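> Using UniProt numbering, the first residue of the sequence shown is number 1, and each one after it goes up by one.
Heads up, the beta-carbon is just placed ideally off N, CA and C, and yes, glycines get one too.
This structure is a prediction, so every number in the text was calculated from the model and none was measured.
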Amino acid sequence: MALEVTQILLNAQSADGGIRKLAEENLKQFQDQNLPVFLISLSHELANNEKPLESRRLAGLILKNCLDAKESHRKAELVKGWRSLESAVKTQIKEFLLQTLNSTAKDAGHTSGQVIAKIAGIELSHGEWPQLIKVLLSNMEAPNPAHLKQSTLETLGFVCEEVSSDALAQDEVNSILTAVVQGMNSNSNSPQDNNGDVRLAATMALYNALDFAQSNFDNDMERDYIMRVVCEATLSPDIRIRLAAFECLVSISSTYYGKLRPYMEDIFTITAKAVREDKEPVALQAIEFWSSICDEEIDILEMFGDDFDGDSEEVPCFHFIKQALPVLVPMLLETLLKQEEDPDQDEEAWNLAMAGGTCLGLVARTVGDDVVPLVMPFIEENILKPDWRCREAATYAFGSILEGPSAEKISPLASLALSFMLNAMKDENNNVKDTTAWTLSRIFEFLHGPSVHTPIITQSNLSLIVSVLLESMKDVRNVAEKVCGALYFLAQGYEDVAMSSSPLSPFFQNIVQSLLAAAHREDAVDSRLRASAYETLNEVVRCSTEETTPIVMQLVPVILMKLNETLEVPKLSAEGNEKQNELQALLCGCLQVIIQKLGALESTKYGILQYADQIMNSFLRIFSSRSATVHEEAMLAIGALAYAVGVEFGKYMQEFYRYLEMGLQNFEEYQVCAITIGVVGDVCRALDDKVLPYCDGIMTQLLKDLSSDQLHRSVKPSIFSCFGDIALAIGEHFEKYLGYAMPMLQRAAELSVQSVGQEDELIEYTNQLRNGILEAYSGIFQGFKNSAKKELLMHYAGHILQFLESIYQDKDRDDVVTKAAIGVLGDLADTLGANAAPLLWRSVFYKDFINDCLSSDDPRIQEIAEWVKQIVGQVLSG
C-alpha cells in the first residue's frame with residue numbers, strides 16, 4: 001500500500017538546509033524500516049500525473065538508486081534487496097512504472113524508463129518479467145500517442161543498455177529492432193509518428209540495441225534496411241537526430257566493420273557533407289566515424305597484417321582508409337583551418353580542427369608512407385602565409401602525421417623542419433607557438449632515441465634546441481606546458497645512454513632550474529603547467545647519469561623545503577586546499593623518483609641516508625592531509641625510501657606503523673589500500689626478519705581485508721602477493737600464519753578456476769588474481785627452503801600442484817602467469833626435495849608444462865623452465 005510522500009520529496013529539494021536534511025533523514029528512515037512500502041510509494045508518486053513534476057522526478061531518481069550503484073558490493077546488496085521482495089510488491093511497482101510511460105510529463109516517462117531498465121537488468125537474465133518486451137512493443141502500435149511511443153523507445157534503448165546479450169531471445173531482438181527502425185523511418189505512414197522526439201528516441205534506442213543485432217547484420221536484406229534508415233537519419237532537418245544517427249554510424253563502424261564494404265561510398269558522401277556544411281557537434285561525429293575505421297584497421301593490421309586464411313573467422317582488413325585517401329585527407333586538412341580564435345589556455349575544448357588533426361594522425365598510422373605526399377603540399381603552401389591559421393594548420397598537419405610513416409620517409413622531412421620549428425617558437429601568435437611546441441615534442445617522441453638510425457638531434461644542434469626550449473618555457477603558460485612535453489621526450493631519448501655521461505649533461509643544471517621556475521610561476525597554480533613541469537623534471541632525473549648525480553642530490557633539500565613550506569601554510573579555502581594537495585602530491589612524486597635514482601647507485605646511497613630522517617619526517621606529516629592522491633604519492637615515496645636505506649628503515653617503523661595500518665584499512669579509497677600493501681612488500685624486502693615484530697598486526701589486517709565485503713576486488717591479488725613478501729622476509733616464522741593464509745589462497749585458487757572462459761575483463765582479473773596467489777606460494781616456499789619446518793608445506797603441496805595443472809590447461813593465461821606458475825613448480829620441488837617426488841610421479845602434466853615453457857617465445861620463461869627441469873630431474877632421480 002502506497003503512503004503519501006509528496007511533501008517529504010519536495011522538502012528534500014528545499015533551499016533551506018535544515019528542512020532538506022530532515023526530509024532526507026525521513027526518507028532514509030522510511031527506506032530502512034519498510035523497503036517494500038517505500039518503493040511502492042515512490043513508484044506511485046512517479047506514476048501520479050496530479051503530483052508536482054519535482055516530486056515525481058526525485059521519486060524516480062531515488063527508485064533508480066535503490067536498484068543500482070557504482071560500487072560493485074553496494075550494487076550486489078541492492079540487487080539482493082530487490083530480489084528478496086515479495087512477488088506481489090514487485091508486480092505493483094512494475095505496473096506503476098509501465099503506467100508512467102504514458103505520462104505527458106516527458107521527464108516522468110524518461111525516468112520511469114531508466115528504472116524499468118534497471119529492473120530488467122536484474123530480472124531478464126533469470127527468466128523473470130518475460131512479458132516486459134511484449135508489453136513495451138504493444139505501446140508502439142497505432143493509434144497510441146507520440147509521447148507514449150517516445151518514452152517506450154527510450155525504455156527499449158535503456159533495456160538494451162542494461163541487459164546482457166543473452167538475456168533477450170532472437171525473436172525479441174528482431175521485434176525491438178523492427179519497432180526502433182520503424183520509429184526512425186521518416187516515411188512512416190502516420191504523421192503523428194513523424195514527431196521529431198519519437199524519431200530521436202528511436203535513433204538513440206538503435207544505438208543501444210546495435211550490440212544485439214549480430215544476426216540481423218548477417219542478413220543482407222535486414223542490414224540494408226537498417227543502414228538505409230540510419231543514413232537517411234543523418235540528413236534529418238533536426239540536428240538532434242542527425243547527431244544521434246552519426247553516433248549510430250560510429251558504433252556500427254567498430255561493431256560491424258566487416259559488413260560495411262557496400263555502404264562506404266555513400267557514407268563518405270554523407271560524412272563529407274556533414275564535415276563541410278553541418279553544425280560542429282554533427283561534423284565532429286562524422287570525423288569520429290573515420291577515426292573509428294582507422295582504429296579498426298590499425299588493430300587488424302597490427303594483429304594479422306594482410307595474411308588472412310579464407311576460412312578464418314577473423315575479419316580481413318578492407319583498406320577503406322587507403323581507398324578513401326585521395327578524398328579523405330583533403331577533407332581533414334580543410335578542418336585544420338577551422339581553429340578556435342582564442343581557445344582557453346588550459347581548457348582546450350574539442351573542436352573541428354582538433355578532431356581533424358587527430359583523425360589525420362590515425363590515418364597516418366593506418367596507411368604509413370602513403371599519407372606523406374598528400375599532406376606535404378598543404379604544409380608547403382600554408383607554412384609561411386601571413387594568416388596565423390594557415391601557419392598553425394600546416395604545423396599541426398606535420399605534427400599529426402609523424403607516427404605512422406617509416407623513419408626513412410619522415411626523418412629527412414623532420415630534419416629539415418626542425419630548424420624551422422625552432423624559429424617558429426618565436427612566432428607572434430600564441431596558437432602557432434603552442435602547436436609548434438607540440439610538434440617538436442612529437443618529433444622528439446618518435447624520431448629521437450638510440451633505435452633511430454639517422455639521428456635528428458646531433459651534438460651540433462642540441463645546444464640550440466635546449467636554448468630555445470628553456471627560453472620558451474618563460475612564454476605564456478599553455479606554450480610553456482607544451483615545451484615541458486617537448487623537453488620530456490628530449491630527455492627520454494637519452495634514457496638508455498651509458499651511465500657515466502649523456503649529451504644532455506652539460507645542460508642538466510639549467511634544465512632543472514628552468515623546470516622548477518616554470519612549476520612555481522604564479523600562473524602555474526591554476527593550470528596544467530605545474531604538473532607538466534614536475535613530470536618532466538621526474539623524467540630528466542630518471543635519465544640522469546653518474547656525471548649529474550651531484551645536481552640530483554642538490555635537488556633533495558630543495559624539494560624537501562618546498563614540501564615543508566606546504567605543511568606550514570595556514571588554513572586555506574576548499575579550493576586552496578585542493579591546489580595545495582596537488583602540489584604536495586607532485587613534490588612527493590618528485591622525491592620518490594629522486595630517491596629511486598640515487599638509491600640505485602652505491603655511490604649515492606649514502607647521500608640518501610643523510611637526508612632520510614628529514615624525508616621521513618616530512619612524509620609522516622603529510623599523512624595529516626585528507627587527500628587520497630597525496631597519501632598514494634607519499635606511500636610510494638616511502639616504499640622507495642625503504643628500498644634505498646634498507647635495514648636502516650627499521651628506526652621509522654614504530655611511528656610509521658600506525659599510518660601503514662590506516663592505509664590497509666582504507667576500503668573507501670582502495671587505491672591507497674593497494675599501494676600501502678605494496679609498501680608492506682618494500683618494507684619486508686628492506687628489513688627482512690627485522691619486520692617480524694610488526695607482522696602479527698599486518699597479517700591480521702590483511703586477513704581481515706580479505707574477509708571484508710567492502711574490499712575492492714582489485715586489491716586481493718596485491719594482498720596474496722604480500723603474503724609471499726612477508727613469508728620470504730621472516731622465513732619459518734610464517735608458520736603461525738599458514739593455517740590462516742593457506743585456506744584463503746586455496747579458496748581464491750578454486751575461484752580462479754571457476755572463472756575460466758568468461759569475458760575479457762574477468763580473464764584479465766583472473767590472471768592478476770592467479771599471479772598474486774602464485775607470488776604468495778613462491779615466497780612461502782622460498783621462505784621455508786632452509787627451515788627444518790618445511791615439511792609443514794607438504795600438507796598443501798597436492799592442492800598447489802592441482803592449481804598449477806588448472807593453469808596449464810587454461811589457454812587464456814598470460815605470460816606473466818605462465819612465468820610465475822612454472823617458477824612455483826620449481827620452488828615446490830626445490831624446497832620439498834625428495835618429499836615432492838611421490839607427488840610429481842603421480843602428476844601427469846608437469847612434463848608437458850615444462851616442455852611448453854622451454855619452447856616459449858619469452859626468453860625468461862625458457863630460462864626458468866630450464867632451471868625447473870634440472871631441479872625436478874634431481875628430485876626424481878633421488
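How about residue 420 and residue 489: are their beta carbons less than 8 Å apart?
The residue labelled residue 420 in the question sits at position 420 within the sequence shown. The residue labelled residue 489 in the question sits at position 489 within the sequence shown. No; because the gap between Cβ atoms is not below 8 Å, this pair is not in contact.
> Buried or exposed: which applies to residue 140, given that a residue is buried once 16 or more other Cβ atoms fall within 10 Å of its Cβ?
Taking the sequence shown and counting its residues from 1, the one referred to as residue 140 is at position 140. The residue in question, residue 140, is buried, as its Cβ has 16 or more Cβ neighbours within 10 Å.
> Check whether the region 249-267 touches the region 326-339, counting contact only when three or more Cβ pairs, one atom from each stretch, lie closer than 8 Å.
Too few Cβ pairs lie closer than 8 Å, so no.
> Quick check: the region 211-225 against the region 237-245, are there 3 or more CB pairs under 8 Å?
No, because fewer than three Cβ pairs between the region 211-225 and the region 237-245 fall closer than 8 Å, the two stretches do not touch.
> Figure out for me which residue from 624, 607, 615 has the closest Cα to the Cα of residue 587.
Working through the sequence shown from its first residue, we reach residue 587 at position 587. Closest option to residue 587, Cα to Cα, is 615.
> Rounding to the nearest angstrom, what Cα-Cα distance links residue 298 and residue 318 in this structure?
As a working mapping, residue 298 is identified with position 298 in the sequence shown. As a working mapping, residue 318 is identified with position 318 in the sequence shown. Cα to Cα, the separation comes out at about 11 Å.
> Assign residue 838 to one of two classes, buried (16 or more other C-beta atoms within 10 Å of its C-beta) or exposed (fewer than that).
Stepping through the sequence shown from its first residue, residue 838 is reached at position 838. Exposed is the call here.
> List, from N- to C-terminal side, the beta strand (DSSP E) runs of 3 residues or more that fit wholly inside the region 668-756.
As far as the region 668-756 is concerned, it has no whole beta strand (DSSP E) run of at least 3 residues.
> Across the region 653-673 and the region 591-607, are there enough close Cβ pairs to call them in contact, namely three or more that are closer than 8 Å?
At 8 Å Cβ cutoff, the stretches do not touch.
> Can you list, in chain order, the stretches of the alpha helix (DSSP H) that have 4 or more residues and sit fully within the region 99-133?
Correct list: 106-123.
> To the nearest angstrom, report how far apart residue 129 and residue 152 are at their CA atoms.
Within the sequence shown, residue 129 is the residue found at index 129, counting from 1. Within the sequence shown, residue 152 is the residue found at index 152, counting from 1. Each residue's alpha carbon lies about 16 Å from the other.
> Within this structure, are the beta carbons of residue 5 and residue 63 separated by less than 8 Å?
On the sequence shown, residue 5 is found 5 positions in, with the first residue counted as 1. On the sequence shown, residue 63 is found 63 positions in, with the first residue counted as 1. Cβ distance not < 8 Å, so residue 5 and residue 63 don't count as in contact.
> Over what stretch of residues does the alpha helix (DSSP H) that includes residue 871 continue unbroken?
Mapped onto the sequence shown, residue 871 falls at position 871. It spans 859-876 - the alpha helix (DSSP H) in which residue 871 sits, taken as one unbroken run.
> Mind checking residue 569: buried by the 16 CB within 10 Å criterion, or exposed?
For the purposes of this step, residue 569 is taken as the residue at position 569 of the sequence shown. Result: exposed.
> Going by C-alpha distance, which of 650, 648, 603, 670 is nearest residue 632?
On the sequence shown, position 632 is the one that residue 632 refers to. Nearest of 650, 648, 603, 670 to residue 632, Cα basis: 670.
> Is it buried or exposed, residue 725, if we count other Cβ atoms within 10 angstroms and call 16 or more buried?
Here residue 725 corresponds to residue number 725 of the sequence shown, with the count starting at 1. Counting Cβ neighbours within 10 Å, residue 725 comes out buried, since at least 16 surround it.
> Which same chain residues, not among the five before or five after residue 92, have their C-beta less than 8 Å away from its C-beta?
Residue 92 sits at position 92 when you count from the first residue of the sequence shown. Within the same chain, residue 92 has close Cβ partners 40, 43.
> Do you know offhand how far residue 868's Cα is from residue 257's?
Walking along the sequence shown from the start, residue 868 turns up at place 868. Walking along the sequence shown from the start, residue 257 turns up at place 257. Their backbone Cα atoms lie some 46 Å apart in a straight line.
> How would you label residue 48, buried or exposed, when you count the other beta carbons within 10 angstroms and need 16 or more for buried?
By one-based count along the sequence shown, residue 48 stands at place 48. Answer is buried; the Cβ neighbour count reaches 16.
> Taking the alpha helix (DSSP H) that residue 528 belongs to, which residues open and close that run?
For the purposes of this step, residue 528 is identified with residue 528 of the sequence shown, where counting begins at 1. First-last for residue 528: undefined, no H or E at that position.
> Across the region 366-376 and the region 415-430, are there enough close Cβ pairs to call them in contact, namely three or more that are closer than 8 Å?
No, the region 366-376 does not touch the region 415-430.
> With a Cβ-Cβ cutoff of 8 Å, do residue 547 and residue 603 count as a contact?
Mapped onto the sequence shown, residue 547 falls at position 547. Mapped onto the sequence shown, residue 603 falls at position 603. Not a contact, by the Cβ cut-off of 8 Å.
> Decide if residue 405 is buried, meaning its Cβ has at least 16 other Cβ atoms within 10 Å, or exposed.
Here residue 405 refers to the residue found at position 405 of the sequence shown. With 16 or more other Cβ atoms within 10 Å, it is buried.
> Smallest Cα separation from residue 695: which of 723, 878, 356?
Reading the sequence shown from its first residue, position 695 is the one you call residue 695. Measuring from the Cα of residue 695, the nearest candidate turns out to be 723.
> Give the C-beta separation of residue 181 and residue 250 to the nearest angstrom, bearing in mind that I take them to be a contact with Cβ-Cβ under 8 Å.
Against the sequence shown, residue 181 aligns to sequence position 181. Against the sequence shown, residue 250 aligns to sequence position 250. With a Cβ gap of about 18 Å, residue 181 and residue 250 do not count as contacting.
> Measure the C-alpha to C-alpha separation of residue 567 and residue 649 and round it to an integer number of angstroms.
Your numbering for residue 567 matches position 567 in the sequence shown. Your numbering for residue 649 matches position 649 in the sequence shown. If you take the alpha carbons of residue 567 and residue 649, they lie about 23 Å apart.
> Just how far apart, CA to CA, sit residue 381 and residue 540?
Taking the first residue of the sequence shown as 1, we reach residue 381 at position 381. Taking the first residue of the sequence shown as 1, we reach residue 540 at position 540. Approximately 37 Å, taken between the alpha carbons.
> Considering just the uninterrupted stretch of the alpha helix (DSSP H) at residue 456, what are its terminal residues?
Along the sequence shown, read from residue 1 onward, the residue named residue 456 stands at position 456. Counting along the chain, residue 456 falls outside any alpha helix (DSSP H), and DSSP gives it neither H nor E.
> Between the Cα of residue 639 and those of 675, 770, 53, spot the shortest distance and give me the residue it belongs to.
In the sequence shown, counting from the first residue as 1, residue 639 sits at position 639. The shortest Cα separation from residue 639 among 675, 770, 53 belongs to 675.
> In chain order, which beta strand (DSSP E) runs of at least 3 residues are fully inside the region 152-218?
If we require 3 residues or more, the region 152-218 turns out to have no beta strand (DSSP E) run fully inside it.
> Compute the distance between the beta-carbons of residue 243 and residue 282, then report whether it is under 8 Å.
Walking along the sequence shown from the start, residue 243 turns up at place 243. Walking along the sequence shown from the start, residue 282 turns up at place 282. In this structure, residue 282 lies closer than 8 Å to residue 243 by Cβ.
> Between residue 767 and residue 816, which are expected to be in contact by the criterion C-beta below 8 Å, what is the C-beta distance as a whole number of angstroms?
Along the sequence shown, one-based indexing puts residue 767 at 767. Along the sequence shown, one-based indexing puts residue 816 at 816. So it is a contact: roughly 7 Å between Cβ atoms.
> Could you say which of 8, 581, 637 lies nearest to residue 594 if we only look at CA atoms?
Position 594 of the sequence shown, counted from the start, is the residue given in the question as residue 594. Minimum Cα distance to residue 594 is reached at 637.
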